[in-house]
Amino acid sequence: MNILIIFIVGILVYANSFKGEFVMDDRHLITENSYIKSFRNISRVFGSEFFKNVDGFNVYLPMTELINMLDYSIWALNPFGYHLTNFILHFIVTSLIYALLFNLFRHYSIALFLSLAYLTHPSATEAIAYIPGRSDPLALIFLLLSLLLFVYSRRPRFQKQICYILSIVAFILACLSKETSVIFPVFLSFYIIGAGNKISIAKNKILSVLPYFFVTFAALLLRYIVLTGAGNAFINKAVVKLR
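In the numbering used here, the protein residues as written are 99 to 341.
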């Protein structure tokens with residue numbers, strides 16, 4: 099019932115954004131972006147920068163571009179579908195926040211109130227009404243999933259190993275959605291130390307965060323390779339030596 103309330107309130111708040119047209123960076127990311135117009139370009143999406151046709155930008159957001167690709171396959175160049183997707187992402191984020199808050203406080207009313215406060219806060223407007231802003235809610239979805247799954251991996255009634263592995267996978271997807279996600283392992287470290295009296299944590303609780311730091315390192319390395327072309331240079335040198 100509370101999830102339905104979140105959905106209805108969200109529709110009332112953001113329904114007006116569905117009427118928006120393509121503006122500003124939408125031209126580079128959607129209307130003139132040949133990569134998103136065929137699923138055959140998935141490998142190219144992971145091998146190139148997000149704003150590849152815009153001078154002065156240097157970002158790597160393959161998961162965000164995959165969402166654009168999916169939208170194009172359904173809606174083509176109808177902006178309504180892209181705004182609808184942004185709203186759905188925001189709704190999912192809010193629902194996950196509700197689940198996390200209930201997990202912490204065990205109180206439906208508190209979880210619902212705080213979730214609605216996030217849902218309707220003006221600071222989220224740009225990320226929802228502006229199509230390229232979708233990288234923020236997309237990354238937050240995976241970060242919240244990663245956190246929830248990590249918490250569940252410490253609960254005796256859950257499949258611990260499966261939840262732990264899925265948590266790491268969710269973090270990988272978050273890093274591919276928004277580069278700022280790489281800070282998550284630091285936050286997770288503080289969380290498990292602060293929540294030590296509330297959740298069951300083994301003696302090697304700090305060691306359990308190490309894989310997240312490895313993911314951060316790998317994500318930053320991948321970003322460097324893609325954006326600097328270091329991978330292509332390495333391959334070219336290898337080909338020359340083989341010859």
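Where a beta carbon is used, it is the ideal one built from N, C-alpha and C, also for glycine.
Endpoints, the alpha helix (DSSP H) within which residue i is located
i	result
serine 279	Unbroken run through serine 279: none, as it is neither H nor E.
phenylalanine 269	258–273
phenylalanine 315	308–326
Collapsed DSSP secondary structure at residue i in the structure displayed
i	result
alanine 113	helix
methionine 161	helix
glycine 231	helix
serine 141	helix
aspartate 124	helix
asparagine 100	helix
glycine 292	helix
serine 251	coil
glycine 108	helix
serine 244	helix
serine 287	helix
serine 136	coil
Sub-8 angstroms separation of residue i and residue j beta-carbons
i	j	result
leucine 246	leucine 194	yes
isoleucine 95	valine 307	Nothing can be reported for residue 95: it is not among the residues displayed for the chain, which extend from 99 to 341.
threonine 162	serine 275	yes
leucine 238	valine 191	yes
serine 279	alanine 272	yes
leucine 199	alanine 209	yes
asparagine 114	tyrosine 196	no
isoleucine 104	leucine 214	yes
serine 251	tyrosine 262	yes
proline 283	phenylalanine 311	yes
phenylalanine 203	tyrosine 112	no
Nonlocal neighbours in the same chain, by C-beta distance under 7 angstroms from residue i, ignoring five residues either side
i	result
valine 152	Per-residue confidence for valine 152 stands at a pLDDT of 49, beneath the threshold of 50, marking its modelled position as unreliable; no derived number is given.
glycine 145	Val324
leucine 175	Thr129
tryptophan 173	Gly179 and Tyr180
lysine 258	Ser251
lysine 160	The amino acid at residue 160 is misidentified as lysine; the sequence shows proline. Result list for proline 160: Val143, Phe144 and Leu274, in chain order.
glycine 118	Pro177, His181 and Ala227
isoleucine 270	Val313
Neighbourhood of residue i by C-beta distance below 6 angstroms, restricted to the same chain and skipping five residues each side
i	result
glycine 231	Glu224 and Ala225
phenylalanine 116	Phe178 and His181
histidine 188	Ile226 and Pro235
threonine 183	Asp169
valine 121	none
aspartate 124	Ile229
alanine 222	none
Contacting residues, own chain, Cβ-Cβ under 8 angstroms from residue i (five flanking each side not counted)
i	result
leucine 164	Ile140 and Val143
phenylalanine 137	Met167 and Ser171
valine 107	Leu214, Leu217 and Thr218
In the region 164–229, which residue ranges form an unbroken alpha helix (DSSP H) of at least 4 residues, counting only runs that do not cross its ends?
177–203, 206–218 and 223–227
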